[in-house]
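> In order, the protein sequence lines correspond to chains L and W.
Position 136, counted from 1, in the first sequence is what the numbering used here calls 136; the numbers after and before it change by one each time, with no gaps.
Position 130, counted from 1, in the second sequence is what the numbering used here calls 130; the numbers after and before it change by one each time, with no gaps.
In this text, a Cβ means the ideal position worked out from N, Cα and C, and glycines have one as well.
There are 2 protein chains.
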Amino acid sequence: MTGTKIKNMEEFASVSGISRPTLSKFFNNPDSVRASTRKRIEAALEQYDYQPNLYAVNQNRRLTKNIGVVVPYLADPFFAKIARTIEEYIIETGFRPVLLGSHGSPAMEIANLDNLRSIKPAGVLLAPLGRASDQETLEAFCEEVPTVLFDANIDTIGEAFVGSNNEQSIGLIVDYLCRTGEAPCFFEMRSPTNPNAFKRRSAYIAAMERLGHTPHLIQAEGEGWEFEEIGFREGMRALSDRNLTTNTILCSNDRLAIGVLSAAFETGLKVGIGEDCDLRIAGHDDHPFSKYTCPTLTTVSQDYEAIAKKSASLLLERIETEKAADSRREALFDGRLIMRSSA
Amino acid sequence: MTGTKIKNMEEFASVSGISRPTLSKFFNNPDSVRASTRKRIEAALEQYDYQPNLYAVNQNRRLTKNIGVVVPYLADPFFAKIARTIEEYIIETGFRPVLLGSHGSPAMEIANLDNLRSIKPAGVLLAPLGRASDQETLEAFCEEVPTVLFDANIDTIGEAFVGSNNEQSIGLIVDYLCRTGEAPCFFEMRSPTNPNAFKRRSAYIAAMERLGHTPHLIQAEGEGWEFEEIGFREGMRALSDRNLTTNTILCSNDRLAIGVLSAAFETGLKVGIGEDCDLRIAGHDDHPFSKYTCPTLTTVSQDYEAIAKKSASLLLERIETEKAADSRREALFDGRLIMRSSA
DNA sequence: TTTATTTCTTTACGCGCGTAAATTTTATAA
DNA sequence: TTATAAAATTTACGCGCGTAAAGAAATAAA
Numbered sequence: 001m002t003g004t005k006i007k008n009m010e011e012f013a014s015v016s017g018i019s020r021p022t023l024s025k026f027f028n029n030p031d032s033v034r035a036s037t038r039k040r041i042e043a044a045l046e047q048y049d050y051q052p053n054l055y056a057v058n059q060n061r062r063l064t065k066n067i068g069v070v071v072p073y074l075a076d077p078f079f080a081k082i083a084r085t086i087e088e089y090i091i092e093t094g095f096r097p098v099l100l101g102s103h104g105s106p107a108m109e110i111a112n113l114d115n116l117r118s119i120k121p122a123g124v125l126l127a128p129l130g131r132a133s134d135q136e137t138l139e140a141f142c143e144e145v146p147t148v149l150f151d152a153n154i155d156t157i158g159e160a161f162v163g164s165n166n167e168q169s170i171g172l173i174v175d176y177l178c179r180t181g182e183a184p185c186f187f188e189m190r191s192p193t194n195p196n197a198f199k200r201r202s203a204y205i206a207a208m209e210r211l212g213h214t215p216h217l218i219q220a221e222g223e224g225w226e227f228e229e230i231g232f233r234e235g236m237r238a239l240s241d242r243n244l245t246t247n248t249i250l251c252s253n254d255r256l257a258i259g260v261l262s263a264a265f266e267t268g269l270k271v272g273i274g275e276d277c278d279l280r281i282a283g284h285d286d287h288p289f290s291k292y293t294c295p296t297l298t299t300v301s302q303d304y305e306a307i308a309k310k311s312a313s314l315l316l317e318r319i320e321t322e323k324a325a326d327s328r329r330e331a332l333f334d335g336r337l338i339m340r341s342s343a
Numbered sequence: 001m002t003g004t005k006i007k008n009m010e011e012f013a014s015v016s017g018i019s020r021p022t023l024s025k026f027f028n029n030p031d032s033v034r035a036s037t038r039k040r041i042e043a044a045l046e047q048y049d050y051q052p053n054l055y056a057v058n059q060n061r062r063l064t065k066n067i068g069v070v071v072p073y074l075a076d077p078f079f080a081k082i083a084r085t086i087e088e089y090i091i092e093t094g095f096r097p098v099l100l101g102s103h104g105s106p107a108m109e110i111a112n113l114d115n116l117r118s119i120k121p122a123g124v125l126l127a128p129l130g131r132a133s134d135q136e137t138l139e140a141f142c143e144e145v146p147t148v149l150f151d152a153n154i155d156t157i158g159e160a161f162v163g164s165n166n167e168q169s170i171g172l173i174v175d176y177l178c179r180t181g182e183a184p185c186f187f188e189m190r191s192p193t194n195p196n197a198f199k200r201r202s203a204y205i206a207a208m209e210r211l212g213h214t215p216h217l218i219q220a221e222g223e224g225w226e227f228e229e230i231g232f233r234e235g236m237r238a239l240s241d242r243n244l245t246t247n248t249i250l251c252s253n254d255r256l257a258i259g260v261l262s263a264a265f266e267t268g269l270k271v272g273i274g275e276d277c278d279l280r281i282a283g284h285d286d287h288p289f290s291k292y293t294c295p296t297l298t299t300v301s302q303d304y305e306a307i308a309k310k311s312a313s314l315l316l317e318r319i320e321t322e323k324a325a326d327s328r329r330e331a332l333f334d335g336r337l338i339m340r341s342s343a
């Protein structure tokens, strides 16, 4: 890009000595032209500053190269991280990711999808809000646009679902906690938005029963996405009531755990695995901040990489075959125990 | 939207009984048509499912309604939050925000701007990486596209800069710390990427000298955006060396403070303002997590709202007047002291 | 070299909309 | 009511590109 600025493909055709239809083919897929002409075009691109007008291109193509990525909450580092990983895979395959966060609002989730519809995406990767989502509208959207769900499953929606194996991961940490101390109670929200929460609840109950313990749920009141706040507030209540049947609390996710940790600190309870500790607290997700809590949080990590890669590749596959699969696929990945100091 | 799907404006013109040029005017600006015809069009829109093809629209308009928002790191809740606030203002004014994160990489920062160029944005709001940014390329970009910087200033770049008044905010917390205990040392990175860090350093020195104290810097080695990690590692070193001249540490930002807090916990030092405490730690930014650290982090909050609103409105003003201002403007907002338990 | 095949060029049309110019209709003021 | 201004309609062209068809050129196979 040293030389003059070229204003359209016609002009680039004349300066490069390649016909416009051939250039058009090249920009759609550089491998669709002969190697020698590809070289010539690439040489010309070095000399002249030209790139096809995105709007003109997308107006005429049936399908754009856009892929929507919608997550419930971009300010949550967990989603920021997984969205980022997904973005990388999409870019690698030559598509353009368009990242949107719904800020916990079902209305904004729909608005985001509407927005996406107007850019005619080849497909979208959606981590739905869950229970709060407007399922009918979501379903209608998925009829129009190839969609793969990740993180949170809604059974009837989308071509496929990719997420974590909560059964396995919760089993893992319940096993660990029982083996190293008292059997845990389960701290969660009474009416969670996220479907994973329900899976984790029953996984906890199943694991406890399998090990011959009585499950015990602590259900926090509260709505919305301020999990730390809810964890703190309801954690304070649970801890000050002193009606805990165990010294071990397994939280449904790390953000709740961070709140409970904060409540324990406030209450003067010492959290950890030492003899002198009053309480063990564990979480789930390996939230980026769980490494820096005091004490550091024992948790189970989701396989971000695998989830990102799988959901992206399932979507791309669907896009390339151009037809819906006969049946909805589900891919679940195992969690990994992250032993730190809190439990 | 009950009825049939309309495929283009021509068709919508015939079913609605309004001419296409008028419809075109309406979609560009609903107020540019007579109130009565506006009503008729809006009534028709209720009946028929039509929205103008975004690509065809943007191909023909000189300027799109897109506004790029580029931040250094979307996984950082601080940036996620401010980006979100900016998004809101942009949407309110009828523009389309396009959110991009650079993941700490100068190359990706440039890639993001290139990407934006291809969608012909009306303007962009850029929080640059800072020292690491490729300044020449940034400058070239700003020549082409109206750009307002926020958060991090680079003197010669962009139409305007909107950020925090580090002088004031650091002065505020140094004052507070000196008034309530020992004068603080300053924990920072030796070679920070972010220009605010430099401002904060000199603001700290100035404030200390003003109060008749000798400034003392602790400069952490390390590169990149893993601030908690750096804060922890170098915090461990500083605390175990026991060569602190004071029991009070002011950190250049909250993420470093979170790391130092974690190091203090690890070292067995009690952090807080009580008689029985060994250490006071304060931060800067009011990071969303600083409310849930153990102990909760005393810090100074940036005026997110004001920064978001001002930078958005400066950009829109610039876009509407269609010409560069004679001089580069700078708007700085004061910080607010957030007293919590750590100092 | 001749033939078959692939690739490129030329020509031409269409996508959905912005927008200009001339004309007609509608609203407002006198 | 009539004159005047404002808004809508009709007609027409252009934006930059995708893409189809037919023929020319380059390559590969015989």
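Can you list, in chain order, the residues of its chain whose CB lies under 6 Å from that of S311 (chain W), leaving out five sequence neighbours each side?
Reading the second sequence from its first residue, position 311 is the one you call residue 311 (chain W). Same-chain partners within the cutoff: L125, V148, F150, V162.
> Looking only at its chain, what residues have a beta carbon closer than 7 Å to the beta carbon of H103 (chain L), apart from the 5 residues adjacent to it on each side?
Position 103 of the first sequence, counted from the first residue, corresponds to residue 103 (chain L). The answer, listed in chain order, is Y73.
> Just to confirm the assignment, what range does the beta strand (DSSP E) spanning R340 (chain L) have?
By one-based count along the first sequence, residue 340 (chain L) stands at place 340. Element bounds for R340 (chain L): n/a, residue is neither H nor E.
> Look up T85 (chain W) in the DSSP assignment and say whether it is helix, strand or coil.
In the second sequence, the residue the question calls residue 85 (chain W) occupies position 85. Reduced to three states, the DSSP call for T85 (chain W) is helix.
> Round the Cβ separation of A257 (chain W) and A282 (chain W) to the nearest angstrom and send it over; I've been treating them as touching at under 8 Å.
Along the second sequence, one-based indexing puts residue 257 (chain W) at 257. Along the second sequence, one-based indexing puts residue 282 (chain W) at 282. About 7 Å; that satisfies the 8 Å criterion.
> Which of the residues in the region 285-297 of chain W, read from start to end, lie with their CB under 8 Å from any CB of chain L?
For the region 285-297 of chain W, which is checked against every Cβ of chain L, the residues closer than 8 Å are P288, F289, K291, Y292, T293, C294, P295, T296.
> Go ahead and pull the three-state DSSP assignment for K5 (chain L).
Residue numbering aside, residue 5 (chain L) sits at position 5 when the first sequence is read from its first letter. If DSSP states are grouped into helix, strand and coil, K5 (chain L) belongs with the strands.
> Within the same chain, show all residues whose beta-carbon is closer than 6 Å to that of S169 (chain L), passing over the 5 residues directly before and after it, in chain order.
As a first step, residue 169 (chain L) is located in the first sequence; it is residue number 169 there, counting from the start. Within the same chain, S169 (chain L) has close Cβ partners V300, G335.
> Could you tell me whether the region 5-16 of chain W touches the region 178-187 of chain L, where touching means 3 or more Cβ pairs closer than 8 Å?
Contact fails: fewer than three Cβ-Cβ distances are below 8 Å.
> Return the residue from the list W:A122, W:A132, W:G130 that minimises the CA-CA distance to E143 (chain W).
Within the second sequence, numbered from 1, the residue matching residue 143 (chain W) stands at position 143. Answer by Cα proximity: W:A122.
> Considering only C-alpha positions, which residue in the set L:H287, L:Y204, L:F26 is nearest to K39 (chain L)?
Residue numbering aside, residue 39 (chain L) sits at position 39 when the first sequence is read from its first letter. Closest option to K39 (chain L), Cα to Cα, is L:F26.
> Which residues in the same chain have their Cβ closer than 8 Å to the Cβ of S240 (chain W), if we skip the five residues on either side of it in sequence?
By one-based count along the second sequence, residue 240 (chain W) stands at place 240. Answer for S240 (chain W): T267, listed in chain order.
> Around the Cβ of D114 (chain W), are there at least 16 other Cβ atoms within 10 angstroms (buried) or fewer (exposed)?
Translated into positions along the second sequence, residue 114 (chain W) becomes position 114. Under this definition D114 (chain W) is an exposed residue.
> At 4 residues or longer, and completely inside the region 148-174 of chain L: list those alpha helix (DSSP H) runs for me, N to C.
Runs of the alpha helix (DSSP H) inside the region 148-174 of chain L: none found.
> Could you name the residues of the same chain whose beta carbon sits closer than 6 Å to that of L250 (chain W), not counting the 5 residues immediately before and after it, in chain order?
By one-based count along the second sequence, residue 250 (chain W) stands at place 250. Hits under 6 Å: P184, F186, A282.
> Just reading off the alpha helix (DSSP H) that Q47 (chain L) is part of, what are its end residues?
Position 47 of the first sequence, counted from the start, is the residue given in the question as residue 47 (chain L). Segment 35-47, the alpha helix (DSSP H) holding Q47 (chain L).
> Closest to R117 (chain L) by CA distance: which of L:S133, L:L129, L:T137 is it?
As a position in the first sequence, residue 117 (chain L) is number 117, starting the count at 1. Of L:S133, L:L129, L:T137, the residue nearest in Cα terms is L:T137.
> In whole angstroms, what separates the C-alpha of R131 (chain L) from that of N196 (chain L)?
Within the first sequence, numbered from 1, the residue matching residue 131 (chain L) stands at position 131. Within the first sequence, numbered from 1, the residue matching residue 196 (chain L) stands at position 196. One C-alpha to the other measures close to 10 Å.
> For Q219 (chain L), does the three-state DSSP call read helix, strand or coil?
The residue given as residue 219 (chain L) occupies position 219 in the first sequence. Residue state, collapsed to three classes: strand.
> Please state whether DSSP places N194 (chain W) in a helix, a strand or coil.
Numbered from its first residue, the second sequence carries residue 194 (chain W) at position 194. In this structure, N194 (chain W) counts as coil in the three-state DSSP scheme.
> Please classify G274 (chain W) as buried or exposed, where buried requires at least 16 neighbouring CB atoms within 10 angstroms.
Reading the second sequence from its first residue, position 274 is the one you call residue 274 (chain W). Exposed, by the Cβ-count rule.
> Write down the C-beta distance between S252 (chain L) and R200 (chain L) rounded to the nearest angstrom, noting that I regard them as a contact closer than 8 Å.
As a first step, residue 252 (chain L) must be located in the first sequence, where it is residue number 252. As a first step, residue 200 (chain L) must be located in the first sequence, where it is residue number 200. 5 Å between Cβ atoms; contact.
> Helix, strand or coil for L116 (chain W)? Go by DSSP, reduced to three states.
Looking up residue 116 (chain W) in the second sequence gives position 116. Reduced to three states, the DSSP call for L116 (chain W) is helix.
> By a C-beta neighbour count over all protein chains shown, 10 Å radius and 16 as the cutoff for buried, is E305 (chain L) buried or exposed?
In the first sequence, counting from the first residue as 1, residue 305 (chain L) sits at position 305. With fewer than 16 other Cβ atoms within 10 Å, it is exposed.
> Does any C-beta atom of chain W lie closer than 9 Å to the C-beta of Q51 (chain L)?
What you label residue 51 (chain L) is simply residue 51 of the first sequence in a count that begins at 1. Judged by the 9 Å Cβ criterion, Q51 (chain L) is in contact with chain W.
> May I ask you to list, following chain order, the residues of the region 76-92 of chain L that have a beta carbon less than 7 Å from some beta carbon of chain W?
Cβ contacts with chain W come from P77, A80, K81, R84.
> In chain L, which residues lie less than 7 Å from S262 (chain W) when you measure between Cβ atoms?
Here residue 262 (chain W) refers to the residue found at position 262 of the second sequence. Chain L residues near S262 (chain W): Y292, C294.
> Is N377 (chain W) close to chain L, meaning its C-beta is less than 9 Å from at least one C-beta of that chain?
The structure shown does not extend to residue 377 (chain W), since chain W is modelled only from 1 through 343, so no value can be given for it.
> Shortest alpha-carbon distance to K120 (chain W) belongs to which of W:A43, W:I205, W:Q59?
In the second sequence, residue 120 (chain W) corresponds to position 120, counting from 1. For the residues W:A43, W:I205, W:Q59, the minimum Cα distance to K120 (chain W) belongs to W:Q59.
> Report the partner residues of T298 (chain L) according to the DSSP bridge assignment.
As a working note, residue 298 (chain L) is residue 298 in the first sequence. According to DSSP, which records beta bridges pairwise, T298 (chain L) is partnered with L:A282.
> Could you check whether the region 166-182 of chain W touches the region 207-224 of chain W, counting it as contact only if at least three pairs of C-beta atoms, one from each stretch, sit closer than 8 Å?
A contact exists between the region 166-182 of chain W and the region 207-224 of chain W.
> With distances taken Cα to Cα, identify the nearest neighbour of A160 (chain L) among L:I338, L:E223, L:T64, L:I319.
Here the question's residue 160 (chain L) lines up with position 160 in the first sequence. A160 (chain L) has its Cα closest to that of L:I319, out of L:I338, L:E223, L:T64, L:I319.
> Could you list the residues in the region 254-280 of chain W with a C-beta less than 7 Å from some C-beta on chain L, going in chain order?
Answer set for the region 254-280 of chain W: I258, G259, L261, S262, F265.
> What residues from chain W crowd round F232 (chain L), counting only those whose CB sits closer than 8 Å?
Along the first sequence, one-based indexing puts residue 232 (chain L) at 232. Those are Y292, listed as they occur along chain W.
> Using the three-state DSSP reduction, which class does C178 (chain L) fall into: helix, strand or coil?
Mapped onto the first sequence, residue 178 (chain L) falls at position 178. In this structure, C178 (chain L) counts as helix in the three-state DSSP scheme.
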